[in-house]
Amino acid sequence: MRIQLIVLDPDQDYLERLAPRLMSAYPGRIDVHGFTDAHLALRAAPDVRAHVFLADASFGITADQLPARCSMGWLVDSPAVAAVDGVLAVPRYSRLDELFRHIVQLMDATSGSVELRRHHGGGSTRLVTVSSPAGGVGTSTVALTLARTLAMQAERRRVLYLDLDRCSDTSQITGVVANGGPTFSDVVYAVKRRRGNLQLQLDTLSRPDAYGVHHFPTAVDPADLLDMDDEDVVVLLDALLPSDVFDCVVLDVGFDRLEEIWNHVERSARLVLVTDGRPTPNLKVRRASRILERLDQTHETSVTSRSTVVYNRASASRSQVDPESPLPSVAVVARYEGATEADVLEHIYAAGALGSLVSAVSP
157 MRIQLIVLDP
167 DQDYLERLAP
177 RLMSAYPGRI
187 DVHGFTDAHL
197 ALRAAPDVRA
207 HVFLADASFG
217 ITADQLPARC
227 SMGWLVDSPA
237 VAAVDGVLAV
247 PRYSRLDELF
257 RHIVQLMDAT
267 SGSVELRRHH
277 GGGSTRLVTV
287 SSPAGGVGTS
297 TVALTLARTL
307 AMQAERRRVL
317 YLDLDRCSDT
327 SQITGVVANG
337 GPTFSDVVYA
347 VKRRRGNLQL
357 QLDTLSRPDA
367 YGVHHFPTAV
377 DPADLLDMDD
387 EDVVVLLDAL
397 LPSDVFDCVV
407 LDVGFDRLEE
417 IWNHVERSAR
427 LVLVTDGRPT
437 PNLKVRRASR
447 ILERLDQTHE
457 TSVTSRSTVV
467 YNRASASRSQ
477 VDPESPLPSV
487 AVVARYEGAT
497 EADVLEHIYA
507 AGALGSLVSA
517 VSP
């Protein structure tokens, strides 16, 4: 959805700076119409079908002068002001991501409850699910590398990395930290509210890393994620798949949670299972393939045929591609001794180790 924003301010220089910066930061998602004349701004509002009208308080605009379903906010100089006469205040010189969140908040004020989609047809968003029945094999490293590689393709896809592990902290690896901004706790709150345009809200809560992969910064208090039950997870995934915002979602999720979100797993271009090539993890992957077959039979789906294995942290002395595995291998990633997780991620990405997987999941 493309937001139509009208900004009424006496400072022409401010308007000329704001419009290109905001539209450049959120391409294809917002149009900014700037005015210094109140009469012209009010006349333009119904013509452009404005969703949000931001005005300097000196103009004395009132909500009843605006079209139906157009929200109003006051532009103020002080970030400490939350509202003026009951109207939401928006700091004039806030960061672009904060300003965009305010705009979405205003837009949601005139929206009804979130429409919960239960169908999964249509849409162009690609989903890749990365999981493992074996712990300690670097599943998140594979998922993050895949997301990075997809985001850095020539097509420059907009990729979201979504980690549903309550205890993980990928912000330490990716460098995408909250710095006082939104975290995954805000995602939980947005989903629980069931209000407004959830897709757009999720977009404003995500932040890109240096490679263009979007993340929800890790929650400061992991206990906040306990508030997100199975139904909430489904609502979250429904808002992302299909999405008008992201071209691809890389879902990092524990194997034991696949059944509860099976309708979404079924939409995956690939289900990637990770092992390190040792006997026990390989055995777990073989057993996992049998579970996938049973789930396919129960739900009349075909996930197993789109499942593949990545051998991560492989070493010549202790790892091997499992000759008994019913699932095909798509990549073997070398083990990097003595490196930090961030360094390992960079090594794998730079080596192009997941190139064959990227080709398999690309449209």
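Position 224 (the sequence shown) corresponds to 380 in the numbering used here; numbering is contiguous. C-beta: ideal position from N, C-alpha, C; glycine also.
Distances from the CA of residue 324 to each of 314, 345, 362, 292 were compared; the closest alpha carbon is that of 292. Per DSSP, reduced to three states, the secondary structure at residue 370 is strand. When DSSP reads this structure, residue 227 sits in a beta bridge with 208. The beta carbons of residue 162 and residue 204 sit closer together than 9 angstroms.
Distances from the alpha-carbon of residue 467 to those of 366, 352, 476 put 476 closest. Selection 470, 386, 454 evaluated against residue 434 yields 470 as nearest (Cα-Cα). The segment 163-176 and the segment 208-218 touch, with three or more beta-carbon pairs separated by less than 8 angstroms. Residue environment analysis places residue 196 among the exposed positions, since fewer than 16 neighbouring C-beta atoms fall within 10 angstroms of its C-beta.
A Cβ-Cβ contact shorter than 9 angstroms links residue 460 with residue 445. Put simply, the backbone Cα of residue 424 is about 24 angstroms away from that of residue 478. The alpha-carbon of residue 375 is positioned some 18 angstroms away from that of residue 349.
Distance from residue 306 to residue 226 at the Cβ level is roughly 37 angstroms; contact not present, criterion being Cβ atoms closer than 8 angstroms.
In the three-state DSSP reduction, residue 160 falls in the strand class (E or B). The alpha-carbon separation between residue 223 and residue 233 amounts to approximately 26 angstroms. Non-local beta-carbon contacts of residue 191 in its own chain, meaning distances under 6 angstroms to residues more than five positions away in sequence, involve 164, 197 in chain order.
Along the length of the segment 333-378, whole alpha helix (DSSP H) runs at least 4 residues long occupy 340-349, 354-361, reported in chain order. If you check the CB distance, residue 451 and residue 414 come in under 9 angstroms. Residue environment: residue 252 is assigned as exposed (fewer than 16 neighbouring CB atoms within 10 Å of its CB, all protein chains considered). For residue 397, the closest alpha carbon among the candidates 464, 345, 421 is that of 421. Just so you know, the alpha carbons of residue 493 and residue 304 end up roughly 22 angstroms apart.
The three-state reading of DSSP puts residue 485 in strand, counting E and B together.
In the structure shown, residue 459 falls within a coil segment according to DSSP collapsed to helix, strand and coil.
Nearest in C-alpha terms to residue 282, of all of 393, 298, 373, 455, is 393.
Of all alpha-carbon atoms in 220, 184, 185, the one lying nearest the alpha-carbon of residue 201 is that of 220.
Apart from the 5 residues on each side of it in sequence, residue 390 sits with its Cβ closer than 7 angstroms to the Cβ of 417 in its chain, given in chain order.
With fewer than 16 other Cβ atoms inside 10 Å of its own Cβ, residue 168 counts as exposed. Here residue 390 carries a helix assignment [DSSP, helix/strand/coil]. By alpha-carbon distance to residue 514, the top candidate from 495, 457, 487 is 487.
Look at residue 442 here: in three-state DSSP terms it is helix. Excluding sequence positions up to five before and after residue 386, its CB lies within less than 6 angstroms of the CB of 416, all in the same chain and listed in chain order. Residue 504 sits in a helix when the DSSP states are folded into three classes. Rounded to the nearest angstrom, the gap between the Cα atoms of residue 243 and residue 174 is 22 angstroms. Annotation: the continuous beta strand (DSSP E) that includes residue 245 extends over 243-247. In the three-state reduction of the DSSP assignment, residue 475 falls in the coil class, being assigned neither a helical nor a strand state.
The criterion of a C-beta distance shorter than 9 angstroms is not satisfied by residue 431 and residue 299.
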